[in-house]
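In what follows, a structure is listed as structure tokens, so that the remarks can point back to it.
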DNA sequence: TTGTAAGCGTTATCAC
DNA sequence: GTGATAACGCTTACAA
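Chains as they are written, first to last, in my numbering: chain U, -10 to 325; chain E, -10 to 325.
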């Protein structure tokens, strides 16, 4: 009675197919089995609606084919793109994605990692900020954008090079008074190198530049004040601005336009990330594009072919420049 | 030797704490245990770095505390928001999220559901298009935006009412020649009712309107042609446009602006979804806002408190209207 | 190939 | 509360 309702097991399939249990197991593991047996097993399985129980398998094999991904949020185009790319890449590799978001909360991160340990994931790809627990987890961990320890590989894009590239582009485009704007928590991370690369390039070319960093807890207010203080008779003291993210650029640009500053005529701007309009359209601004797919592939490769011996802790992937209307290049009109 | 490397089990904790195996189990299940015993167990567990093996537990209990979420992609602000909200809500309920994306591919959907069956998830929240497999899966399934069968609950926002609301707003705002634009595959789904509600409201108010639907396989080209054919001397035949999504609105608006049509002066526009600038800023256009959090809560509630008896197959959640600059209301200037 | 059996880590159920 | 033991469904090893 109850048996008829229960989900069928290998045993049931073996009985139904009239073969040994081991044979059924072999069939579902791709082990060599006589074709006639294989056929009978497959038919029986179909008839019974059988499917392997990964929990039993995982318990036995100590392998779950599941990778955890930890991100601060999906409410950010870059993270959403990253999650999407990682998900696709994992699927391609026959792996499942267990996704957690932390909302930038350090306690949530710890709770999350502990939960994942319970869940016996095969590895973690995480964009996290807390030091704790990660080492302790004792499982393959690939960090994004943040070096946690020498033994934990970190995948990031070439933030330093990207900053330099932005400076070079702005200079090529004729800018002479450069400004770098950054918001972000005080958190340390690879992305902070963007300003460094920018500054280095400016110095090298012997050009005037200003670096200005804001704590994003206070929103746009301090930034607006700063810009206003550099706005005289509708003219800005700068003719080229590099923003640490496309999102920041967008906000700054909107403010400047309100003040009748024309972009890119009066001031040219370059952002960072490579955000596209609705993810698939054109870039929302001229930008340094992060290689999202490549980052995803790299993360998945590292975490799934875990190999402590290759301990290159930091992997910087190449970025590219893409015009997007906030610089004075000829940009294809988007009549599309 | 090897034992020292192996992850500790309950047995190890029991030995370390000097208590019975069952006691350890009770501690980790919140069952009543003498406080002295509890303390010893917790200390021993900490010392050993023990954590429950959910795979063993899942096998035994036939319950995995994992809910699968299937979405077409995360490369869409609305889906990303939805995924984010669902993830938060699941976490709040002590559940884990196994996320899969299908890229709108029906075969991927099937493969996905089959995989999830293997994985013994406790339930699925899915925005899928294929009929097959879902019923067969034989597990709690909550569908988003699409009625699959009477026995499968579908959570959606009030698309019909939203369409009507859009019409009402445009009329209130003085529009008299209305157009509804829609793109989308030929797929049937609840979102198709947006046009219906719009049309009904227009008819009821006895106002001229046109419904125009495009297959999104062909991109913007046919839409552009259509609009051009209704553009005479820089004046559009319509003074109010309702678009089936904010994304479509954005594309159309960009095209119209290129043609020097002013928005909202010459034509007012309302979209659907409630997309915000970078997810957290202001709305990108005047829009019918879907209640993403409420949808997430509803989905999680339905799937985790599975109860076949309440078979209200279709749950339409209330939408709201939000001005966003493409209609002639006074909108707060976004100096922020 | 077959049948059998041990074991993965938990939970649940005994009698004590 | 203890201790022992039988499941859960699968993999693996073994002898036949």
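Quick reminder that beta carbons are idealized off the backbone N, C-alpha and C, glycines included.
Return the Cβ separation of residue 179 (chain U) and residue 136 (chain U) in integer angstroms, given the expectation that the two are a contact with Cβ distance under 8 angstroms. Taking a contact as a CB-CB distance under 8 angstroms, the pair residue 179 (chain U) and residue 136 (chain U) counts as one, their CB atoms being some 7 angstroms apart.
Does residue -7 (chain U) have its Cβ less than 7 angstroms from a Cβ in chain E? Reliability of the predicted coordinates at residue -7 (chain U) is poor, the pLDDT of 42 falling under 50, and the value obtained from them is presented with this limitation in mind. Residue -7 (chain U) is outside the set of residues whose beta carbon lies under 7 angstroms from a beta carbon in chain E.
State the DSSP-derived secondary structure class of residue 229 (chain E), mapped to helix, strand or coil. Reduced to three states, the DSSP call for residue 229 (chain E) is strand.
Is the Cβ of residue 47 (chain U) closer than 7 angstroms to any Cβ of chain E? By this cut-off, residue 47 (chain U) is an interface position.
Sort E:98, E:190, E:301 and E:267 by Cα distance to residue 57 (chain E) and report the nearest one. The candidate whose alpha carbon is nearest that of residue 57 (chain E) is E:98.
Just to confirm my understanding: we take residue 281 (chain E), look at its own chain, exclude 5 residues before and 5 after, and list those with CB closer than 8 angstroms. What are they? Cβ neighbours of residue 281 (chain E) beyond the five flanking positions: 67, 70, 71, 74 and 263.
What three-state label does DSSP hand residue 137 (chain U) in the structure shown? In the three-state DSSP reduction, residue 137 (chain U) falls in the coil class, being neither helix nor strand.
Please name the residues in the segment 47 to 64 of chain E whose beta-carbon is closer than 7 angstroms to at least one beta-carbon of chain U, in chain order. So the list reads 47, 48, 53, 62, 63 and 64, given in the order they occur along the chain.
Under 8 angstroms Cβ to Cβ from residue 213 (chain E), same chain only, skipping five residues before and after it: list those, please. Answer for residue 213 (chain E): 244, listed in chain order.
Identify whether residue 312 (chain E) lies in helix, strand or coil by the three-state DSSP scheme. Three-state result, residue 312 (chain E): coil.
Indicate whether at least one CB of chain E lies closer than 7 angstroms to the CB of residue 309 (chain U). For residue 309 (chain U), the answer is no, since every Cβ of chain E falls outside 7 angstroms of its Cβ.
Measuring alpha carbon to alpha carbon, tell me which residue in U:247, U:29 and U:101 is nearest residue 81 (chain E). From the listed residues U:247, U:29 and U:101, the smallest Cα separation to residue 81 (chain E) is found for U:101.
Whole angstroms are fine: how far does the CA of residue 133 (chain E) sit from the CA of residue 197 (chain U)? In a straight line, the C-alpha of residue 197 (chain U) is about 54 angstroms away from that of residue 133 (chain E).
For residue 107 (chain U), which residues in chain E fall below 8 angstroms Cβ to Cβ? Per Cβ cutoff of 8 angstroms: 40, 41, 42 and 43.
Over what stretch of residues does the alpha helix (DSSP H) that includes residue 214 (chain E) continue unbroken? Taken as a continuous stretch (DSSP letters only), the alpha helix (DSSP H) holding residue 214 (chain E) covers 210 to 218.
Hey, residue 315 (chain U) and residue 278 (chain U) are a contact pair by Cβ (cut 8 angstroms); roughly how many whole angstroms apart? The C-beta separation of residue 315 (chain U) from residue 278 (chain U) comes to about 14 angstroms, leaving the pair out of contact by the 8 angstroms criterion.
Buried versus exposed call for residue 139 (chain U) [16 or more other C-beta atoms within 10 Å across all chains shown]: So residue 139 (chain U) ends up on the exposed side.
So, residue 187 (chain E) versus residue 169 (chain E), is the Cβ gap smaller than 7 angstroms? Contact: yes.
What residues in its chain sit with their C-beta under 6 angstroms from that of residue 253 (chain U), if we drop five residues either side in the sequence? Closer than 6 angstroms at the Cβ level, and outside the excluded window around residue 253 (chain U), lie 315, 316 and 317.
So, with DSSP's three-state summary, where would you put residue 258 (chain U)? Strand at residue 258 (chain U).
Using a Cβ cut-off of 7 angstroms (strictly closer), state whether residue -1 (chain U) contacts chain E. No, no contact with chain E.
So what's residue 86 (chain U) in DSSP terms, helix, strand or just coil? Three-state DSSP puts residue 86 (chain U) in a strand.
Helix, strand or coil: how does DSSP classify residue 117 (chain U) here? Here residue 117 (chain U) sits in coil by DSSP.
Residue 84 (chain E) and residue 44 (chain U) - do their beta-carbons sit closer together than 7 angstroms? No, the Cβ-Cβ distance between residue 44 (chain U) and residue 84 (chain E) is not below 7 angstroms.
Is residue 231 (chain U) closer than 7 angstroms to residue 166 (chain U) when the C-beta atoms are compared? Not closer than 7 angstroms, so no.
Smallest Cα separation from residue 238 (chain U): which of U:204, U:275 and U:250? The option with the nearest alpha carbon to residue 238 (chain U) is U:275.
Run through chain U and tell me which residues come within less than 8 angstroms of residue 73 (chain E), C-beta to C-beta. Under the 8 angstroms cutoff, chain U gives 62, 63, 64 and 90.
Which two residues bound the contiguous beta strand (DSSP E) that contains residue 201 (chain E)? Following the DSSP letters along the chain, one finds residue 201 (chain E) inside the beta strand (DSSP E) bounded by residues 198 to 204.
Amino acids of chain U, ordered along the chain, whose beta-carbon sits closer than 9 angstroms to that of residue 103 (chain E): Chain U residues near residue 103 (chain E): 40.
Chain-ordered neighbours of residue 70 (chain U) on chain E, where CB pairs are closer than 7 angstroms: Within 7 angstroms Cβ-Cβ: 64.
Using DSSP's beta-bridge definition, name the partner residues of residue 171 (chain E). According to DSSP, residue 171 (chain E) bridges with E:202.
Against chain U, with Cβ distances strictly below 7 angstroms, would residue 267 (chain E) count as a contact? For residue 267 (chain E), a Cβ of chain U is located within less than 7 angstroms of the residue's own Cβ.
Measuring alpha carbon to alpha carbon, tell me which residue in U:40, U:292 and U:304 is nearest residue 129 (chain U). Nearest option by C-alpha distance: U:292.
Which one of U:266, U:158, U:107 and U:41 has the shortest CA to CA distance from residue 259 (chain U)? Closest option to residue 259 (chain U), judged by alpha-carbon separation, among U:266, U:158, U:107 and U:41: U:158.
Using a Cβ-Cβ cut-off of 7 angstroms, state whether residue 87 (chain E) counts as contacting chain U. Against chain U, the CB of residue 87 (chain E) has a partner CB under 7 angstroms away; the residue lies at that interface.
What residues from chain U crowd round residue 77 (chain E), counting only those whose CB sits closer than 7 angstroms? 90, listed in chain order.
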